Amino acid sequence: MLLSRFPRVRLAHTPTPLEPLPRLTALLQGPQLWIKRDDCTGLAIGGNKARKLEFLLGEALSQKADTLIAQGAVQSNHVRQTAAAAARLGLKCEILLEDRVPDADPSYYQTGNLFLSHLLGGQTHLYPSDTDMEGAMQTVAQQVRSAGGIPYIIPGGGSNPTGALGYVAFAQEFLYQAGEQNLRVDWLVHATGSSGTQAGLVAGLQGLNSGIPILGISVRRNQSSQVEKVLQLALASAERLNLQQPINRNDILVSDEYVGQGYGYPTPATLEAISLLAQTEGILLDPIYTGKAMAGLIDLIRKGFFQSTDNVVFLHTGGSPGLFAYESDFSAKNLSPGRFSS
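So for the sequence shown, our numbering puts the first residue at 21; every next one is plus one.
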């Protein structure tokens, strides 16, 4: 897989750490747990989007673009990191935000990723839930063109065959690290949403004949819809890379049991998983993606899904700034300690 064939801008601090989770492993009395720290990619507090943006912005610069157009939810990690990448490269950034959690606490619209997107210079536009966001981006792109600019549209989550290349590159890095640590990886578990991360992982790990099953914990869609979305993008990514190894539906593993009320709505298990990892390993997850994925992983361990001898790696895709927009959810569940003690 010759990734050097594709335009790329180096944005992420890589390789990110691959570390054991000894205290969580002992507490759950299940398989050996490890974590791949893509929350440490370094671009505006880090996260998985930095890997995708390396290839997306490489393509944007090759097209002489001067304005990035990105969309996501109000507390989108993707738009935060896109705004950061734009600032670093001297580009303008138009951010379209869909209000997917309209009954949220007022702080949801003032802090976390949204505050950082503003701080990084992103120009934000708010749209009601169920807006045709792809159409809205086309409208903004036309406005940029009319003003003499050259727009580059980035899909939600940076999830297209170009963005997925970031997680093909991850696959190479991950297998090298596991080999260096003499780690046999039996499972890789992560949050799956816009599908680019899982599609890139499938294409990359299949292309390298790793034999590692990848389990995506869905944060939004039902299983069949998410499997189809990941499969189509994985196939398109494999075609772009000229991979010879076949990818079929059986390679796409998704659980939709932990979505709860929907995207952006953490479940009680999500909040408990976030608190548990924070207080056993000192690692912060987020309420939208990684918290749900960790809740799923913990539940599967308790149900005996994994063998006790398995080595299970959790891919931490970042998102901790979103915690600040959900403080009221933790307080309501009595999961936040008092601010002061006597």
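Idealized CB from N, CA, C, for every residue including glycine. Please read these numbers as outputs of a predicted model, since none were measured by experiment.
In the structure shown, the three-state DSSP call for residue 235 is strand. For residue 200, the enclosing alpha helix (DSSP H) stretches over residues 181-200.
Classified as buried, residue 341 has 16 or more neighbouring CB atoms from the shown chains inside 10 Å of its CB.
No Cβ-Cβ contact shorter than 7 Å links residue 88 with residue 70. Using a Cβ-Cβ distance cut-off of 8 Å, the stretch 322-341 and the stretch 26-33 are not in contact, since fewer than three pairs of beta carbons, one from each stretch, lie closer than that value.
Its chain contains 208, 218, 221, 222, 225, 273 as the residues whose beta carbon lies nearer than 7 Å to that of residue 234, once the 5 sequence neighbours on both sides are disregarded; these appear in chain order. Close CB contacts of residue 142 within its chain, under the 6 Å cut and outside five residues either way in sequence, are with 103, 113, 115 (chain order). When DSSP assignments are scanned along the stretch 212-266, the uninterrupted stretches of beta strand (DSSP E) that are 3 or more residues long and fall wholly within it turn out to be 234-238. The alpha carbon of residue 275 has as its nearest neighbour, out of 264, 291, 312, the alpha carbon of 312.
In the three-state reduction of the DSSP assignment, residue 133 falls in the helix class, which pools H, G and I.
Taking a C-beta distance under 7 Å as the contact criterion, residue 297 and residue 305 qualify as a contact pair. Secondary structure of residue 22 (DSSP, three-state): coil.
DSSP places residue 210 in the strand class (E or B) of the three-state scheme.
For residue 152, there is no enclosing alpha helix (DSSP H), since its DSSP letter is neither H nor E. If you look at residue 336, you'll find it isn't in any alpha helix (DSSP H); it sits in the beta strand (DSSP E) that goes 331-336. Distances from the CA of residue 268 to each of 250, 335, 187 were compared; the closest alpha carbon is that of 250. No Cβ-Cβ contact shorter than 7 Å links residue 215 with residue 185. CA-to-CA, the gap between residue 51 and residue 199 works out to about 19 Å.
The alpha-carbon separation between residue 21 and residue 181 amounts to approximately 14 Å.
Shown here for residue 74: same chain residues with a beta carbon closer than 7 Å to its own, the five before and five after excluded, namely 28, 29, 30, 31, 32, 186 in chain order. Residue 79 counts as buried, since at least 16 other C-beta atoms from the protein chains shown sit within 10 angstroms of its C-beta. Rounded to whole angstroms, the gap between the alpha carbons of residue 228 and residue 66 is 26 Å.
Between residue 309 and residue 240, the gap from beta carbon to beta carbon reaches 7 Å or more. Here the C-alpha atom of residue 236 lies approximately 32 Å from the C-alpha atom of residue 109.
Within the DSSP secondary-structure output, residue 102 pairs in no beta bridge.
Counting only the Cα atoms, residue 91 lies some 6 Å from residue 176. Check the Cα spacing between residue 278 and each of 213, 120, 94, 35: the tightest is with 213. Residue 93: not part of any alpha helix (DSSP H); member of the beta strand (DSSP E) spanning 87-93, first to last residue. The alpha-carbon separation between residue 158 and residue 82 amounts to approximately 20 Å.
Taking the Cα of residue 288 as reference, the smallest distance to any Cα among 43, 164, 349 is reached at 349. Residue 96: not part of any alpha helix (DSSP H); DSSP gives it neither H nor E.
Secondary structure at residue 163: helix, using DSSP grouped into helix, strand and coil.
Where residue 307 is concerned, there is no enclosing alpha helix (DSSP H), because DSSP gives it neither an H nor an E. When rounded, the separation of the alpha-carbon atoms in residue 329 and residue 149 is 45 Å.
Counting along the chain, the unbroken beta strand (DSSP E) around residue 118 starts and ends at 112-119.
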